[in-house]
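Novice: Residue 174 in my numbering sits at position 170 of the sequence shown, with consecutive numbering throughout. All residues carry an ideal CB built from backbone N, CA and C; glycine is no exception.
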Amino acid sequence: MKIAKKVLNLLKEVEAVARENGAAAYLVGGPVRDLLLNRGNLDLDVVIEGDAAQIAKSLVDKKGGTFVVHKRFGTATVTLKNGIKIDLATARKEYYGRPAALPTVEFSTVIEDLYRRDFTINAMAIDISKKQFGRLLDFFGGEKDLAGKKIRVIHDQSFIDDPTRILRAVRFEQRLGFKIEDHTEGLIKASVKRRMLEATGKERLRDELILMLKENEPGRMIKRLQALAGLGFIHPKLRFTKKSEVFFNEIKKMETKGSEPWLIYLTALLDGLSLKEAADVARQFVFKKNEQERLLEFKKESAGIIKLLKTKGKIPLSRLRRHLEPISLETLLAIMVKGRSRLVNKRISIFLSECKGVALKMSGEDLKKMGLPAGPRFKRILDAVLDAKLDKGFKNKAQEMKFARRCVKNGL
Ligand code: ATP
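1. Terminal residues of the continuous beta strand (DSSP E) containing Lys89?
2. How long is the line joining the alpha carbons of Arg102 and Ile125, rounded to whole angstroms?
3. Less than 6 Å between C-beta atoms, sequence neighbours within five positions excluded: which residues of the same chain meet that for Glu249?
4. Note down, one range per segment and in chain order, each alpha helix (DSSP H) of at least 4 residues found wholly within the segment 240-305.
5. Which residue wins for smallest C-alpha separation from Ser62, given the options Ala80, Gly145 and Gly375?
6. Shortest alpha-carbon distance to Lys401 belongs to which of Leu371, Ala388, Met366 and Asn414?
7. Helix, strand or coil: which one does DSSP assign to His434?
8. With a 10 Å radius around its C-beta and 16 neighbouring C-beta atoms as the bar for buried, classify Ile164 as buried or exposed.
9. Among the residues of its own chain, which have a CB less than 6 Å from the CB of Cys411, if the five just before and after it don't count?
10. Measure the C-alpha to C-alpha separation of Asp55 and Asp49 and round it to an integer number of angstroms.
11. One question on the structure: do Val18 and Ala129 come within less than 7 Å of each other, judged by their Cβ atoms?
12. Distance check for Lys280 and Val109, CA to CA, integer angstroms please.
13. By how many angstroms is the C-alpha of Leu46 removed from the C-alpha of Ile7?
14. Using only alpha-carbon positions, find the residue among Gly145, Leu232, Arg325 and Asp91 that is nearest to Val51.
15. Measure the alpha-carbon distance for Ile115 versus Arg156 and round it to whole angstroms.
16. Considering just the uninterrupted stretch of the alpha helix (DSSP H) at Glu358, what are its terminal residues?
17. Throw me the rounded Cβ distance for the Leu267 and Glu305 pair, which I believe falls under 8 Å.
18. Check whether the segment 209-227 touches the segment 176-190, taking contact to mean three or more Cβ pairs, one atom from each stretch, closer than 8 Å.
19. Quick one: what does DSSP say Ala80 is sitting in, helix, strand or coil?
20. State the DSSP-derived secondary structure class of Glu219, mapped to helix, strand or coil.
21. When you compare the segment 142-150 with the segment 166-176, are there three or more beta-carbon pairs, one atom per stretch, that lie closer than 8 Å?
22. Any heavy atom of ligand 1 closer than 6 Å to the Cβ of Thr83?
23. Determine, using beta carbons only, whether Val348 and Leu313 come nearer to each other than 7 Å.
24. Under the criterion of a Cβ to heavy atom distance below 6 Å, does Gly34 qualify as lining ligand 1?
25. Could you check the C-alpha separation between Phe77 and Arg37 for me, to the nearest Å?
26. Using a 10 Å radius around the Cβ and a threshold of 16 neighbouring Cβ atoms, would you call Leu300 buried or exposed?
27. Cα separation between Arg298 and His327?
28. Mind checking whether Leu337 and Met216 have CB atoms under 7 Å apart?
29. So, helix, strand or coil for Phe382, using DSSP?
30. Regarding Thr315 and ligand 1, is the C-beta to nearest heavy atom distance less than 6 Å?
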């Protein structure tokens with residue numbers, strides 16, 4: 005097993021701190037999977053047979069950075085100065101305690117922790133204590149499933165206990181190019197038949213859905229989810245159609261820097277729903293207010309904007325700005341895909357490169373110095389100056405000031 009030097013040293017430091025505090029420590033879950041697969045993953049999940057909060061504090065005392073303790077869950081998250089995150093969880097010995105004579109007792113607390121996990125490939129641990137450093141703990145055949153590229157649950161109740169694992173199964177399968185093994189697929193189908201997804205907390209489903217849309221190939225994720233479970237648990241009318249697939253593919257080809265691409269994908273996913281239906285989804289799944297606004301904005305605004313941007317003749321930059329500045333970047337990018345018109349795309353590109361975020365060099369302070377009393381007039385004048393700056397290509401503050409003075413003189 006190859007472990008990057010940086011991670012190796014860090015693990016040794018975590019172990020040293022744990023040992024000083026009389027606790028054993030194990031690397032668990034995702035990072036173990038990714039280490040065995042040789043996939044980069046710098047964030048570490050560590051299970052402590054001891055007090056996670058105390059270890060987090062000692063680690064930060066030693067290495068700097070910050071930590072947050074989640075008392076209710078017995079977990080703590082350390083963020084080091086270089087941005088690496090370490091999640092520490094307490095394995096509760098007294099609760100899970102077993103007779104000391106049992107052969108598995110040495111790991112009993114870690115086993116309990118691993119047994120609660122979703123899939124065999126996510127349920128392995130690496131002992132990072134000095135004596136046994138690097139020893140793999142694999143109680144459920146995770147290593148074999150990694151080799152066979154299989155997503156397999158640990159026990160048959162898994163999708164009944166937690167149906168969000170259906171989305172997780174798809175996410176890992178599609179991300180890693182694995183296959184949900186037949187028995188596990190049967191269990192998913194059984195859980196779907198019992199309408200377990202409909203009975204699951206919408207906020208947890210939303211979080212998993214967002215994670216799917218943040219993956220490299222969100223289109224493949226949603227298509228597979230639809231085939232396995234349908235999308236009715238999001239909205240009864242929701243379908244991932246050929247059209248949605250094209251929409252997704254076009255988004256993938258686009259430069260999305262500065263935006264939240266998962267929101268553009270979700271916009272595309274909800275494209276077939278009416279405004280009211282999409283609004284129901286946004287509300288029921290309790291997306292943040294500004295996410296809800298951006299999700300619905302596309303439905304409300306895109307037709308009008310596409311119409312405007314298709315008009316023949318010149319559209320001055322100031323007019324582009326007035327119409328497009330209030331629109332989110334996610335919506336503009338979705339419109340570029342949906343508008344399917346070179347003119348629309350060209351105009352949005354022009355807006356993004358030449359208008360968006362352009363600010364004046366002068367400010368309200370300068371108007372005050374001209375002797376103008378502060379009031380709504382300020383905004384009118386500064387808006388007019390910004391329009392003129394865009395349309396006439398002002399380069400410096402003097403040009404802006406000159407134009408502002410003219411506005412004042414003309415009684416704007
Ligand atoms: P990623 O690479 O996407 O971060 P990860 O495996 O670290 O993948 P997380 O969603 O961060 O995934 O979860 C961390 C670990 O917690 C998983 O490896 C898994 O063992 C466990 N886990 C997370 N969610 C569940 C769940 N719903 N049921 C059971 N175990 C879960």
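Specialist: Quick answer:
1. Numbered from 1 along the sequence shown, position 85 holds the residue referred to as residue 89. Segment Lys89 to Thr94, the beta strand (DSSP E) holding Lys89.
2. Along the sequence shown, one-based indexing puts residue 102 at 98. Along the sequence shown, one-based indexing puts residue 125 at 121. Note that Arg102 scores 42 on pLDDT, short of 50, meaning its location in the model is unreliable and no value can be drawn from it.
3. Within the sequence shown, numbered from 1, the residue matching residue 249 stands at position 245. Around Glu249: Gly223.
4. 246-257, 265-273 and 279-288
5. What you label residue 62 is simply residue 58 of the sequence shown in a count that begins at 1. Nearest option by C-alpha distance: Ala80.
6. The residue given as residue 401 occupies position 397 in the sequence shown. Ranking Leu371, Ala388, Met366 and Asn414 by Cα distance to Lys401 puts Met366 first.
7. Residue 434 falls outside the range modelled here, since the chain spans only 5 to 416, and no answer is possible.
8. For the purposes of this step, residue 164 is taken as residue 160 along the sequence shown, with counting starting at 1. It counts as exposed.
9. Residue numbering aside, residue 411 sits at position 407 when the sequence shown is read from its first letter. These residues qualify, in order along the chain: Ile385 and Ala388.
10. Along the sequence shown, read from residue 1 onward, the residue named residue 55 stands at position 51. Along the sequence shown, read from residue 1 onward, the residue named residue 49 stands at position 45. Spanning the two alpha carbons is a distance of roughly 15 Å.
11. Translated into positions along the sequence shown, residue 18 becomes position 14. Translated into positions along the sequence shown, residue 129 becomes position 125. Contact flag unset, no.
12. Position 105 of the sequence shown, counted from the start, is the residue given in the question as residue 109. Position 276 of the sequence shown, counted from the start, is the residue given in the question as residue 280. Only weak support exists for where Val109 lies, its pLDDT of 39 falling under 50; the value from the coordinates is given anyway. Going by the C-alpha atoms only, they are around 56 Å apart.
13. Locating residue 7 in the sequence shown gives position 3, counting from the first residue. Locating residue 46 in the sequence shown gives position 42, counting from the first residue. Each residue's Cα considered, the two are about 11 Å apart.
14. Your numbering for residue 51 matches position 47 in the sequence shown. The shortest Cα separation from Val51 among Gly145, Leu232, Arg325 and Asp91 belongs to Asp91.
15. Position 111 of the sequence shown holds residue 115. Position 152 of the sequence shown holds residue 156. Ile115 and Arg156: Cα-Cα distance of roughly 17 Å.
16. In the sequence shown, residue 358 corresponds to position 354, counting from 1. Unbroken run through Glu358: none, as it is neither H nor E.
17. Position 263 of the sequence shown, counted from the first residue, corresponds to residue 267. Position 301 of the sequence shown, counted from the first residue, corresponds to residue 305. Contact flag wrong, Cβ pair sits at about 15 Å.
18. yes
19. Counting from one through the sequence shown, the residue named residue 80 turns up at place 76. Strand.
20. Position 215 of the sequence shown, counted from the first residue, corresponds to residue 219. Residue state, collapsed to three classes: coil.
21. no
22. For this step, residue 83 is matched to residue 79 along the sequence shown. The answer is no for Thr83.
23. Taking the sequence shown and counting its residues from 1, the one referred to as residue 348 is at position 344. Taking the sequence shown and counting its residues from 1, the one referred to as residue 313 is at position 309. Going by C-beta atoms, Val348 is nearer than 7 Å to Leu313.
24. The sequence position of residue 34 within the sequence shown is 30, counting from 1. Yes.
25. Numbered from 1 along the sequence shown, position 73 holds the residue referred to as residue 77. Numbered from 1 along the sequence shown, position 33 holds the residue referred to as residue 37. For Phe77 and Arg37, the distance between alpha carbons rounds to 23 Å.
26. Taking the first residue of the sequence shown as 1, we reach residue 300 at position 296. So Leu300 counts as buried.
27. Residue mapping note: residue 298 aligns to position 294 of the sequence shown, counting from 1. Residue mapping note: residue 327 aligns to position 323 of the sequence shown, counting from 1. So the alpha carbons of these two residues sit roughly 16 Å apart.
28. As a working mapping, residue 337 is identified with position 333 in the sequence shown. As a working mapping, residue 216 is identified with position 212 in the sequence shown. In this structure, Met216 does not lie closer than 7 Å to Leu337 by Cβ.
29. Counting from 1 along the sequence shown, the entry for residue 382 is found at position 378. Note: Phe382 maps to helix in three-state DSSP.
30. For the purposes of this step, residue 315 is taken as residue 311 along the sequence shown, with counting starting at 1. No, since every heavy atom of ligand 1 falls outside the 6 Å radius drawn around the Cβ of Thr315.
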